[in-house]
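2 protein chains.
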Amino acid sequence: MKTQHSASSTHTKILETASRLFYEQGYHLTGINQVIAEAGIAKASFYYHFSSKEDLCIAYLEKRHQDWFGWLREEVERSEEPQERLLSLFTFLELWLANSDFRGCAFLNITAEFPSPENRIRLLVLNHKDALQAYIAQLVDSLDIPASGNNSAYLINAIYLLFEGTICKCQMYRTTEFIKNTRETVSQLIS
Amino acid sequence: MKTQHSASSTHTKILETASRLFYEQGYHLTGINQVIAEAGIAKASFYYHFSSKEDLCIAYLEKRHQDWFGWLREEVERSEEPQERLLSLFTFLELWLANSDFRGCAFLNITAEFPSPENRIRLLVLNHKDALQAYIAQLVDSLDIPASGNNSAYLINAIYLLFEGTICKCQMYRTTEFIKNTRETVSQLIS
DNA sequence: GTCTATATGTCGATAGAC
DNA sequence: GTCTATCGACATATAGAC
Numbered sequence: 354m355k356t357q358h359s360a361s362s363t364h365t366k367i368l369e370t371a372s373r374l375f376y377e378q379g380y381h382l383t384g385i386n387q388v389i390a391e392a393g394i395a396k397a398s399f400y401y402h403f404s405s406k407e408d409l410c411i412a413y414l415e416k417r418h419q420d421w422f423g424w425l426r427e428e429v430e431r432s433e434e435p436q437e438r439l440l441s442l443f444t445f446l447e448l449w450l451a452n453s454d455f456r457g458c459a460f461l462n463i464t465a466e467f468p469s470p471e472n473r474i475r476l477l478v479l480n481h482k483d484a485l486q487a488y489i490a491q492l493v494d495s496l497d498i499p500a501s502g503n504n505s506a507y508l509i510n511a512i513y514l515l516f517e518g519t520i521c522k523c524q525m526y527r528t529t530e531f532i533k534n535t536r537e538t539v540s541q542l543i544s
Numbered sequence: 354m355k356t357q358h359s360a361s362s363t364h365t366k367i368l369e370t371a372s373r374l375f376y377e378q379g380y381h382l383t384g385i386n387q388v389i390a391e392a393g394i395a396k397a398s399f400y401y402h403f404s405s406k407e408d409l410c411i412a413y414l415e416k417r418h419q420d421w422f423g424w425l426r427e428e429v430e431r432s433e434e435p436q437e438r439l440l441s442l443f444t445f446l447e448l449w450l451a452n453s454d455f456r457g458c459a460f461l462n463i464t465a466e467f468p469s470p471e472n473r474i475r476l477l478v479l480n481h482k483d484a485l486q487a488y489i490a491q492l493v494d495s496l497d498i499p500a501s502g503n504n505s506a507y508l509i510n511a512i513y514l515l516f517e518g519t520i521c522k523c524q525m526y527r528t529t530e531f532i533k534n535t536r537e538t539v540s541q542l543i544s
């Protein structure tokens, strides 16, 4: 009753190489030829493991979703105090973006490359961003905000937009120096 | 002493066609063949007017910068009261994004397609975003904020990030319905 | 499962006639 | 200035041997 859990080493090598190249260069700039060359395999071996370049892209995004949320949770869970946990969203951005050569969000980038909203890939983008907003909502709800006029829905939206905006600004300007200001803004929003 | 002011009709037709296609489909998905076919010209005519596809892209972005800021200013200048003018940034986003089939920011999208920060195109992106932040700064400074702990630099950064984040969220989800909440958040930030 | 060799198309860009 | 015809390179994908 054991289902296929472990992928073959070739499968893994292809996916890891493609993940790196798709993220660093974008989808359309990365050819199958480059993927197979850097993975050190033959072209037919690639098509044995993946049915098309677009299927490879889907596998990349699914893996990316898991990996990225793992990194995010790891940073948030270093804190215990709810307010600190929320602010650590932006500490995470500082670390992640500088560490990834400011390539920004894989899902937002792929949206620019797949303009058709009907594409399967665009659904993965929505799932990813839904999960991000749900995670932010969870962090906001842990704050036990006073039931003033400012309800949590406004706050969740605002923090998500600041998060997304921060990724974009960092990607374009290739710096994280303004993030400390942003964290201060968020700190005032939740107090 | 008359310099070349008016471009030829062929030049204009190419640029307008390319502008539409680059914006709607992205740079790499749009081939020169499609541009020349939809412009109704011959391939050699294109290369008479533009030296390369990348040069065409630069012409597109320079034109786009002018056009887009024209649209933005037009909406902002419908109001006279400083607070209203600032909030109209987000009214503009509602109108523009819905009207452009939610393709988002041409400059952010092109950043995803040109990963190399040394590329000439990336400089145009920075110029565009510098101008946007300067415009926001100008609107914020007109508010005459009380000189409390919250100085205007924090506010300018926050509003710019909310603006950028709004564009991204709209592009991915293809809706503008949350913008009224965002405008409310901005309204509270500046009061 | 992995390989070499190839099929078929499109890419950006150019030559040379008119 | 605009055209047709074509170039070489590279794209994704497949056939068939081992």
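Order-wise, the sequence lines are chains A and B.
Going by my numbering, the letters in the first sequence line up with residues 354 to 544, in that order.
Going by my numbering, the letters in the second sequence line up with residues 354 to 544, in that order.
Here a beta-carbon is modelled for each residue, glycine too, at the ideal position from N, C-alpha and C.
Note to self: Measuring straight from C-alpha to C-alpha, what distance separates GLU427 of chain A and TYR507 of chain A?
What the structure shows: Here residue 427 of chain A corresponds to residue number 74 of the first sequence, with the count starting at 1. Here residue 507 of chain A corresponds to residue number 154 of the first sequence, with the count starting at 1. Looking at the two C-alpha atoms, the distance is approximately 26 Å.
Next item on the list: Would you verify that the beta carbon of THR535 of chain A is, or is not, closer than 8 Å to some beta carbon of chain B?
Entry: Here residue 535 of chain A corresponds to residue number 182 of the first sequence, with the count starting at 1. Yes - at least one Cβ of chain B is within 8 Å of the one on THR535 of chain A.
Check: Are the C-beta of TYR413 of chain B and some C-beta of chain A separated by less than 8 Å?
Finding: Sequence index remark: in the second sequence, residue 413 of chain B carries index 60 (1-based). Taking Cβ atoms only, chain A never reaches closer than 8 Å to TYR413 of chain B, which makes this a no.
Item checked: Unbroken alpha helix (DSSP H) run spanning ASP308 of chain B, endpoints -> Because chain B here runs from 354 to 544, residue 308 of chain B falls outside it and cannot be looked at.
Note to self: Please list, in chain order, the residues of the region 459–489 of chain B that have any C-beta partner in chain A closer than 7 Å.
What the structure shows: LEU461, ASN462, THR464, ALA465, GLU466, PRO468, PRO470, VAL478, LEU479, LYS482
Next item on the list: Determine the burial state of TYR400 of chain A: buried for a count of at least 16 other Cβ atoms within 10 Å of its Cβ, exposed for fewer.
Entry: Taking the first sequence and counting its residues from 1, one reaches residue 400 of chain A at position 47. It counts as exposed.
Next item on the list: Decide yes or no for the touch test of the region 455–473 of chain B against the region 459–470 of chain A: beta carbon pairs closer than 8 Å, at least 3 of them.
Entry: yes
Margin query: Between the alpha carbons of VAL539 of chain B and ILE474 of chain A, how many angstroms are there, rounded?
Written below: The residue given as residue 539 of chain B occupies position 186 in the second sequence. The residue given as residue 474 of chain A occupies position 121 in the first sequence. Rounded to the nearest angstrom, the two C-alpha atoms are 33 Å apart.
Margin query: When you compare the CB positions of ASP368 of chain B and ALA412 of chain B, do they come within less than 8 Å of one another, or not?
Written below: Against the second sequence, residue 368 of chain B aligns to sequence position 15. Against the second sequence, residue 412 of chain B aligns to sequence position 59. Reading off the sequence, residue 368 of chain B comes out as Leu, not Asp. Against a cut-off of 8 Å, the Cβ pair of ALA412 of chain B and LEU368 of chain B comes out as a contact.
Notebook entry, point to check: Would you say the beta carbon of CYS410 of chain B comes nearer than 7 Å to a heavy atom of the ligand NAD?
Noted result: By its list of ligands, the structure shown contains no ligand whatsoever, and the ligand NAD lies outside what it can speak to.
Notebook entry, point to check: What residues in the region 399–425 of chain B have a beta carbon less than 8 Å from any beta carbon of chain A?
Noted result: none
Item checked: Assigned exposure category for ARG536 of chain B - 16 Cβ within 10 Å defines buried -> Here residue 536 of chain B refers to the residue found at position 183 of the second sequence. Answer is buried; the Cβ neighbour count reaches 16.
Next item on the list: Starting from the Cα of TYR380 of chain A, find the closest Cα among A:ARG417, A:CYS410, A:HIS402, A:ILE394 and give me that residue.
Entry: By 1-based counting over the first sequence, the position of residue 380 of chain A is 27. Looking at the Cα atoms, A:CYS410 is the closest of the given residues.
Margin query: Just to check my reading of the structure: HIS418 of chain A and HIS364 of chain A have Cβ atoms closer than 8 Å, yes? What is that Cβ distance to the nearest angstrom?
Written below: Taking the first residue of the first sequence as 1, we reach residue 418 of chain A at position 65. Taking the first residue of the first sequence as 1, we reach residue 364 of chain A at position 11. Between HIS364 of chain A and HIS418 of chain A the Cβ distance is about 18 Å, and since that is not below 8 Å, they are no contact.
Next item on the list: Check whether the Cβ atoms of GLU377 of chain A and ARG456 of chain A lie closer than 8 Å to each other.
Entry: Counting from 1 along the first sequence, the entry for residue 377 of chain A is found at position 24. Counting from 1 along the first sequence, the entry for residue 456 of chain A is found at position 103. Yes, the Cβ-Cβ distance between GLU377 of chain A and ARG456 of chain A is below 8 Å.
Notebook entry, point to check: Among B:THR529, B:ARG527, B:ASN504, B:LEU485, which one has its Cα closest to the Cα of LEU514 of chain B?
Noted result: If you number the second sequence from 1, residue 514 of chain B lands on position 161. Nearest C-alpha to LEU514 of chain B: B:LEU485.
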